[in-house]
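Numbering (this note's numbering), first residue to last: 2 to 382.
In structure tokens, the structure reads:
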């Protein structure tokens, strides 16, 4: 028997014991009430005797009042009074007195009727109590005991119904436990069959992770090399900027000197302007100015070329990284699609998984990086 059944039976027994205890308490209370009722019956009988005596006295007084309505002394006084008004007043007074007396007698009669009704109710209740106690003493069942017996029968029926429900639930639980045990056995068989396949695929995942780490290291080395080249180009660019600045300063100095010379020798230049030759100072100054301008243009072109080379190198690095990322992503996606993990359903998993026989080292991913020095990167999975 399960703990649930024990608890339920214990609860039913506790309820039955509680009902029995309540019945005993009610029986003791009824016995006490019976003794109290005997006392009240004696007291009520005395009150009833007093009420009956009072009722008889009231009826006698009423009959006497009906027979002799007017007292003899009032009649004698009435006969002696000559005034009609006085007679009327005396008659009204006598009528009012008789009316009040009649109302008092009616009230006493009503009280006697109420006392009789209360006495009848008390006698009826006492009779019922005596019958109940007599039935209990004789061994018969009282109405309260019959009610308790009916309640006990209903509780027993409910207990039987709950017991039947408990049995059905127990059977369902046993069936579910058996189904769980069957599933555990099937899962153990499935795990033993596909354990080797899972181990092989986990090893493949570990190899792929190691290969990806090697590829990341190679890409990091290439990035560091490209970073060094970029630093070199930046150094060259800074040097050219310094040269350009010095050339610009020298050009400015020459222009200032040329302007100062023009101002100082303006008259001489005007005189010599007509027969200027290659050996004159103005010719040399103009030639130096042209050379400085050409140097400036050449320096600017060199700076533009360096910036262009730098931008091309960064674009090549970005394209190379993008291409390698796409190739790695495609390779990983293909590898995952080819070596997809088995489903939880045994019917959807193929245990005949084997790597490619044509390639012992797995997959091979190659990529070219067009930098200052041509290089090639190979990845083996």
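C-beta atoms are modelled at their ideal positions from N, C-alpha and C, and glycine is treated no differently.
- A direct Cα-to-Cα measurement between residue 292 and residue 247 gives close to 14 Å.
- Taking a 10 Å sphere around the C-beta of residue 61, we find fewer than 16 other C-beta atoms and assign the residue as exposed.
- Remark: three or more beta-carbon pairs, one from each stretch, lie closer than 8 Å, so the segment 301-314 and the segment 227-246 are flagged as touching.
- When rounded, the separation of the alpha-carbon atoms in residue 211 and residue 315 is 28 Å.
- Rounded to whole angstroms, the gap between the alpha carbons of residue 44 and residue 118 is 16 Å.
- When the beta-carbon positions are compared, residue 318 and residue 227 come within less than 8 Å of each other.
- With respect to residue 245, residue 333 sits apart: the two C-beta atoms are not nearer than 8 Å.
- Residue 238 places its beta carbon 8 Å or farther from that of residue 300.
- Between residue 258 and residue 297, the gap from beta carbon to beta carbon reaches 8 Å or more.
- Cα atoms of residue 112 and residue 102: separation of roughly 15 Å, rounded to the nearest angstrom.
- Of all alpha-carbon atoms in 338, 121, 147, 136, the one lying nearest the alpha-carbon of residue 46 is that of 121.
- Between the C-alpha atoms of residue 181 and residue 192 there is a straight-line separation of about 16 Å.
- Around the CB of residue 207, fewer than 16 other CB atoms lie within 10 Å, so the residue is classed as exposed.
- One Cα belongs to residue 29, the other to residue 136, and the distance between them is close to 15 Å.
- By the beta-carbon neighbour count (other beta carbons within 10 angstroms, threshold 16), residue 325 is buried.
- Inclusion of residue 290 and residue 256 in the CB contact set at 8 Å is warranted, their separation being smaller than that value.
- Here residue 203 is exposed. Its C-beta has fewer than 16 other C-beta atoms within 10 Å.
- Pairing residue 260 with residue 249, the inter-Cα distance amounts to about 16 Å.
- In its chain, beyond the 5 residues on either side, no residue has a beta carbon closer than 7 Å to the beta carbon of residue 264.
- Annotation: residue 57 to residue 154 spans about 55 Å, alpha carbon to alpha carbon.
- No Cβ-Cβ contact shorter than 8 Å links residue 336 with residue 184.
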